[in-house]
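These notes concern the structure reproduced below.
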Amino acid sequence: MHILKEALSIVAFSALVAEVIGVSLVTGDQIAGHEDGRTPAPSFPHAAQIVRKLQYIIDLFAEDTGGLKEPLHRMSIPVNAIDDIDNDIENEIDDGDTPPTEADFRTYLNGLVQSKTQYYNFPQKLVFWSGVNEKQALKFATANKRFTLGMLIEGKKEWEVFKKPKSEGGYWPNWEECLDKFWSPISKAIAQIAIGDVYVYFSVEGHEEQKQPDRCKTIWCTVEKRLLITSLDSKTTPKVENIKAYVLERSGESKQVGLIKRMTD
């Protein structure tokens, strides 16, 4: 009965959430109708998944309830039935949706260094970028037989959802939090592991903007550049030896424009 109580608690919790955000849960029959095109898709992106799990739990413990088979939308559970719900029940709705930490990033990157894959020597073949788009950065890195951060984590499919906000099908409520909780810490981890000659690929505007560190708010300016310069100035080895700046000209040509040695370069 304790398990049943937890099952009913989950039902109550989901119903309460649906009521608060103004979303009606759908029944198993309605889901089936949606899948074969008979009814509109549910407006809540996780509704189908929630209902399947709840209906499964209810069916599983039907004997304990004397044959409880009441459709979800007709169930009435007291609000106080949610008292036993774990604090992390929200994460259980989407299995595995636990954001990676900076320690996870370091473990993964260090694992690449120790691997026998094409990425084992990536710390000395890195391309950072700012102002250009990811496709342009990828093209530049490939042409120079180097790696961007995106290339290195492409194989971590479980991180895909954390690369963007909910508005684009991701995990985070907005881009600000996505940058703060995912892209900034992973950029920090990769900048701290960089050694040798580092390439940085800019748009014309991006190259000029990054010369004003007090005004520039990109991850290159706020995270990566400072860490790379710190390594460049370090007395210990291995370390960053050179930070080479390249610009994608408006003509489409990529051109080296010098070295970065200070935050204002």
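Per my numbering, residue 869 is the first one in the sequence shown, and the count goes up by one each step.
In this text, a Cβ means the ideal position worked out from N, Cα and C, and glycines have one as well.
As the structure is a prediction and not an experimental result, all values here were calculated from the model.
### Through-space distance from Thr-1132 to His-1075, alpha-carbon basis
Spanning the two alpha carbons is a distance of roughly 11 Å.
### Message
Is the beta carbon of Trp-1088 closer than 8 Å to that of Phe-1015?
### Response
No.
### Query
For Glu-1109, which option in Ala-1062, Glu-1092, Glu-1117 has the closest C-alpha, if you only look at C-alpha atoms?
For the residues Ala-1062, Glu-1092, Glu-1117, the minimum Cα distance to Glu-1109 belongs to Ala-1062.
### Query
To the nearest angstrom, how far is it from the Cα of Lys-1107 to the Cα of Lys-993?
Spanning the two alpha carbons is a distance of roughly 13 Å.
### Query
Got a sec? Which residues, its chain only, sit under 7 Å from Gln-1060 by beta carbon, not counting five neighbours each side?
Counting only Cβ-Cβ distances below 7 Å, and skipping sequence neighbours, we find Leu-1095.
### Collapsed DSSP secondary structure at Tyr-976 in the structure displayed
DSSP places Tyr-976 in helix when its eight states are reduced to three.
### Query
If you run the structure through DSSP and keep just helix, strand and coil, what is Val-1000?
Three-state DSSP puts Val-1000 in coil, outside helix and strand.
### Task
Determine the extent of the beta strand (DSSP E) in which Lys-1056 is found, giving its start and end residues.
No beta strand (DSSP E) holds Lys-1056; the alpha helix (DSSP H) holding it covers 1052-1061.
### Task
Between the Cα of Lys-1129 and those of Lys-984, Ser-1119, Ala-1113, spot the shortest distance and give me the residue it belongs to.
That would be Ala-1113, whose Cα lies nearest to the Cα of Lys-1129.
### Query
Between the C-alpha atoms of Ile-961 and Ser-1119, what's the straight-line distance to the nearest angstrom?
Bear in mind that a pLDDT of 36 at Ile-961, under 50, signals an unreliable position, so the number given afterwards is only what the model happens to contain. Rounded to the nearest angstrom, the gap between the Cα atoms of Ile-961 and Ser-1119 is 49 Å.
### Message
Please report the distance separating the alpha-carbon of Ser-987 from that of Cys-1084.
### Response
Note on identity: in this sequence residue 987 is Tyr, with Ser being the wrong assignment. Approximately 31 Å between the Cα atoms of the pair.
### Query
Candidates Lys-1079, Gln-982, Cys-1046, Phe-1070: which alpha carbon is nearest Thr-969's?
Taking only the C-alpha atoms, the option nearest Thr-969 is Cys-1046.
### Message
Using C-beta distances below 6 Å, list every residue in its chain close to Pro-991, excluding the 5 sequence neighbours before and after it, in chain order.
### Response
Scanning its chain for C-beta atoms nearer than 6 Å, with the 5 sequence neighbours on each side dropped, one finds around Pro-991 the residues Ile-1061, Ala-1062, Ile-1063, in chain order.
### Message
Considering Cα atoms alone, identify which of Glu-1026, Val-1115, Lys-1032, Gly-1018 is closest to Gln-965.
### Response
This sequence places Asp at residue 965; Gln is not what is there. Nearest of Glu-1026, Val-1115, Lys-1032, Gly-1018 to Asp-965, Cα basis: Glu-1026.
### Query
Is it true that the CB of Tyr-1069 sits closer than 8 Å to the CB of Leu-1116?
In this structure, Tyr-1069 lies closer than 8 Å to Leu-1116 by Cβ.
### Query
Where does Asp-1133 fall in DSSP's three states?
Coil, per DSSP.
### Task
State the Cα-Cα distance for the pair Ile-1058 and Thr-1105, rounded to the nearest angstrom.
One C-alpha to the other measures close to 17 Å.
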